[in-house]
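Student: Counting from 1, one number per residue, gives the positions in the sequence shown under the UniProt record's numbering.
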Amino acid sequence: MNIVILSRNTNLYSTERLIEEGEKRGHQIEVIDPLKCDLIIEKEKPTIFYKDRYLDYVDAIIPRIGASVTFFGCAVVRQFEMMNVFTSVTSDAIIRSRDKLRSFQRLSKAGIGMPKTVFTNYSRDIEKVLSHVGGTPVIIKLLEGTQGLGVVLAETKNAAESVLEAFNGLQARALVQEFIAEAKGADIRALVVDGHVVGAMKRQGKEGEFRSNLHRGGSAEIIKLNEAEIKVAMNAARALKLPVCGVDILQSARGPLLLEVNSTPGLEGIEKATGKNIAKSIITYIERNKH
Ligand code: ADP
Ligand code: MG
C-alpha cells in the first residue's frame, strides 16, 4: 500500500516508528506536511497538489495533526476522504475531539463516567457555578488546551473567581470541573487501536504537581487495567468515533472517570513504558480495514 503520514515533522518519534513498522510490512510510506498541500476542489474531481505532483496514488493516510494546525490539517484529511482514501481517523472525529466541551457532551450521553463539569458563559454568580461541582477546590481548564497548559487548580472561591475573570478577559472559554483529589496527580493513558486497548500506562506528575502530563515532567509506568477501565476506554473511543486514540482516565473513589480523548496520541511514552509495538498495531489496523 501507499501510506501517507500527515505530519509536519519527519523526525518525531511517532512518525519515525510508523515509517519503520510500515516499511517492515512492505508498504511505501511517505511523510507529507499538510500545510504544504494545495486542495483543488472541482466537480467530482477533488485532488491534492503537493510540491510538484498530484497525490492521486495514495491508499491510506495516518493523520498526525497538531493542535495548532487543526483547521488546515483537517481540511487536508477531508480532501483525502473526498478522494475515497482510507484514513485511520476521520476529519470530523479529529475536530470533535479537539474541543473538550463538545467531547464531554457526547461522552456523558454515552453513559461514560467523568468528573462533574460545568460550562458557563461567564456567570457572575461564582458561588452557584462552584456549587454545581461540589464547591472548591475545583479544576478550571481551557476548552482547547493541551499538554497541561491551561489547566488550573483553584483551591478557594477567590482563586476560582480570579482565574475565571482572567480567562474571560482573554476571551478564552473554560470549563469548571470537580477536582478528583484521590487521583493524587496520576492518571491512566490507554491506547486504543481498532476499538481495543493495545497498551496502557499510569502517568504520575512530578512532586507537588497535580497534572500528570509527561510534558510537565511526569513519569510513566506500565499498568494492567481492570475491566471497568477497559470499558471506559473502549466506550469513549466508540462514542467519539476514533478507532485510534489515546484515552485518559482518572482513578477515583467512585471508579474510573474519563478525562479526555486524544486523536493524535504520541507513541514514545506509551511504547517505552509498555514495551508494546503500538506503531505496528496501527499499520495492521489499516491493513485489515482498508478495502
Ligand atoms: P490537557 O489537554 O492539557 O492534557 P487535561 O484535562 O488532560 O488537559 O488535564 C491535564 C492533567 O491535569 C491531567 O492529566 C490530570 O493529571 C490533571 N487533571 C485534569 N483534570 C483533573 C480533575 N478534574 N481532577 C484531578 N486532576 C485533573
Ligand atoms: Mg491531557
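Note that CB positions come from ideal geometry on N, CA and C, so glycine has one too.
#1: Where DSSP assigns a beta bridge to N262, which residues make up the other side?
#2: DSSP three-state call for G135: helix, strand or coil?
#3: Just verifying my parser: in three-state terms, what is the DSSP assignment at Q79?
#4: Using the DSSP secondary-structure output, state which residues sit across from F167 in a beta bridge.
#5: From the DSSP output, which residues share a beta bridge with A190?
#6: Skipping 5 residues on each side, what residues in its chain have a beta carbon closer than 8 Å to that of R106?
#7: Using the three-state DSSP reduction, which class does A174 fall into: helix, strand or coil?
#8: Would you check if the distance between the CB atom of L18 and the CB atom of P115 is smaller than 9 Å?
#9: Would you report the Cα separation of F104 and V118, rounded to the nearest angstrom?
#10: First and last residue of the beta strand (DSSP E) that includes Y57?
#11: Would you kindly work out how many angstroms separate the C-alpha atoms of G145 and E30, rounded to a whole number?
#12: Would you identify the three-state DSSP class for I41, choosing helix, strand or coil?
#13: With DSSP as the reference, label L257 as helix, strand or coil.
#14: For the ligand MG, any of its heavy atoms closer than 8 Å to the Cβ of Q251?
#15: With a cut-off of 8 Å on the beta carbons, I'd call G199 and I270 a contact; round off their distance for me.
#16: What does DSSP give as the partner residues of K28 in its beta bridges?
Tutor: The structure says:
#1: G246
#2: coil
#3: helix
#4: Beta-bridge pairing links F167 to no other residue.
#5: In the DSSP output, where bridge partners are listed per residue, A190 has A200 and V247.
#6: Contacts found: R96, A239 and L240.
#7: In this structure, A174 counts as strand in the three-state DSSP scheme.
#8: no
#9: 10 Å
#10: That residue, Y57, is in no beta strand (DSSP E); it is neither H nor E in DSSP.
#11: 30 Å
#12: DSSP places I41 in coil when its eight states are reduced to three.
#13: strand
#14: no
#15: Their Cβ separation, rounded to whole angstroms, is 5 Å, which keeps G199 and I270 in contact under 8 Å.
#16: The question names Lys, but residue 28 in the sequence shown is Gln. Answer is N2.
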